[in-house]
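Read the structure below first, then the notes.
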Amino acid sequence: MLASVDPTAATVAMMSAGRGTAILAGVIALLGIAIGAATLNRTSRADDPGNLLRWTFAAPVLGAFAVVLGTVVVATADGGVGTGNGLAGGVVAIVLGLTAAGLGGLALRRTRSRRTG
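Spelled out as structure tokens, the structure:
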């Protein structure tokens, strides 16, 4: 039995809007994870948490932005996984964005508890 091929599916070489947005969301989420991990590592040994607090806010914001972008990609994808609409990338961006937000939130809590007492 022959499988039908969707003529609107993006080829490997094509960059669809969904793919581009999913890649952008994934990069933003990875940046948020890197900032969250770095600030989480530095909260235990920072002498002046004031400057660190500014960077700590960046991770949850970037994570939330990646989750929103990933959700838009998932909600607007026409086909399933493998059609080139960025559905799988959107799901990965959501997971990575939630990870970035969690790391940033944990670092933020540690930074604030260190400042207060």
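Numbering (full-length UniProt numbering), first residue to last: 1 to 117.
Using N, Cα and C, we set each Cβ at its ideal position, and we do this for glycine too.
Note that the structure is predicted; figures quoted are calculated from it, not measured.
* What do you get for Gly82, buried or exposed, if any count of 16 or more other CB atoms within 10 angstroms of its CB means buried? -> exposed
* To do: Return the chain-ordered list of same chain residues with a C-beta closer than 8 Å to the C-beta of Gly80, the five sequence neighbours on each side being excluded.
  => Leu87
* Asked: To the nearest angstrom, how far is it from the Cα of Ile23 to the Cα of Ala93?
  -> 8 Å
* **Option nearest Arg109 by Cα separation, candidates Ala25, Ile33, Ile28 and Thr39** => Thr39
* To do: Please state whether DSSP places Leu98 in a helix, a strand or coil.
  => helix
* Cα-Cα, which of Leu106, Ala100, Ala37 and Thr111 is closest to Gly26? -> Ala100
* What are the boundary residues of the alpha helix (DSSP H) that Val27 is part of? -> Ala17 to Arg42
* Span separating the alpha-carbon of Val61 from that of Ser16 -> 26 Å
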